[in-house]
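Please read the structure below before turning to the comments.
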Amino acid sequence: KTDVKIRCNRPDIFILDKRQNRITLIEVGITSQDSLQIVETEKLRKYDLLANELGLIYKCNVEIIPYVMTWDGIVTKYHKTYVKRLQIPMNVEAYIQSIVLKKTVETISFDRRRGLESGPNAEESWERASLSVILGAEMHKQPTPPLKQGKYKKYLLLILDGITTAKEPTTNTKEELELEEEIEVVEMM
Numbered sequence: 001k002t003d004v005k006i007r008c009n010r011p012d013i014f015i016l017d018k019r020q021n022r023i024t025l026i027e028v029g030i031t032s033q034d035s036l037q038i039v040e041t042e043k044l045r046k047y048d049l050l051a052n053e054l055g056l057i058y059k060c061n062v063e064i065i066p067y068v069m070t071w072d073g074i075v076t077k078y079h080k081t082y083v084k085r086l087q088i089p090m091n092v093e094a095y096i097q098s099i100v101l102k103k104t105v106e107t108i109s110f111d112r113r114r115g116l117e118s119g120p121n122a123e124e125s126w127e128r129a130s131l132s133v134i135l136g137a138e139m140h141k142q143p144t145p146p147l148k149q150g151k152y153k154k155y156l157l158l159i160l161d162g163i164t165t166a167k168e169p170t171t172n173t174k175e176e177l178e179l180e181e182e183i184e185v186v187e188m189m
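Count the sequence shown with the UniProt record's numbering and you get residues 1 to 189, in order.
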């Protein structure tokens, strides 16, 4: 019973690079703008104890990289250095942000349709959030893929795994058609 019990022992992404004798722990998070810096710091420090233990066990360097952005695609000033360390090209970064924006629009629309947000300011709040997301999405169109994709493809798949899931093609129900009409109206504003 000499082992140390580690509470935070399951990072979002764990990469063991035996060639370079390095472990990379990646923590992905989507949050509000108010708590962006706090969440990034928490994710950076959350696995310190685990990183120390892994370094001792595998006798290698351990690096913790937080990948945090807001629901409308805003990042901190340190985000650029984390992306460089992950070797993610700019167009892939823009694509990740566009996926976050699209998922945010889906969530807002779903919540609005279900009536989860109610009260006197609900409509105004929804319109403001939708407009913010749509304006952000226009800035982040889907990028053209780089010529050498093999090197970066695995990182993109690992990062996107925590953000989005693949969907089976289905026929549109009446509710889905109404949702599409709702989104089209917002985009025309």
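Cβ coordinates follow ideal geometry from the N, Cα and C atoms, glycine included.
(request) Please name the residue or residues paired with E63 in a DSSP beta bridge. (result) Paired residues: T24.
(message) If contacts are defined as beta-carbon pairs under 8 Å, then Y58 and I23 qualify, I think. What distance do you get, rounded to the angstrom?
(response) Indeed, because the Cβ distance is near 6 Å, the residues count as touching under 8 Å.
(message) If the criterion is Cβ atoms closer than 8 Å, does the pair T70 and L36 meet it?
(response) Going by C-beta atoms, T70 is nearer than 8 Å to L36.
(request) Could you pull out every residue in the same chain whose Cβ sits closer than 6 Å to the Cβ of I38, ignoring the five residues on either side in sequence? (result) Cβ neighbours of I38 beyond the five flanking positions: none.
(message) Per DSSP, what are the beta-bridge partners of G29 in this structure?
(response) Looking at the DSSP assignment, G29 forms a beta bridge with V68.
(request) Would you kindly work out how many angstroms separate the C-alpha atoms of N52 and E93, rounded to a whole number? (result) Annotation: N52 to E93 spans about 29 Å, alpha carbon to alpha carbon.
(message) For the alpha helix (DSSP H) containing I96, name the first residue and the last one.
(response) First-last of the alpha helix (DSSP H) with I96: 90 to 114.
(request) Check each candidate in L44, L25, Q87, I30 and name the one with the smallest Cα separation from L101. (result) Taking each of L44, L25, Q87, I30 in turn and checking the Cα distance to L101, the smallest one comes out for I30.
(message) If contacts are defined as beta-carbon pairs under 8 Å, then L50 and N9 qualify, I think. What distance do you get, rounded to the angstrom?
(response) With a Cβ gap of about 6 Å, L50 and N9 count as contacting.
(message) Can you check which of these residues, G73, L25, R45, S109, is closest to N61 by C-alpha distance?
(response) Of the listed residues, the one whose Cα sits closest to N61 is L25.
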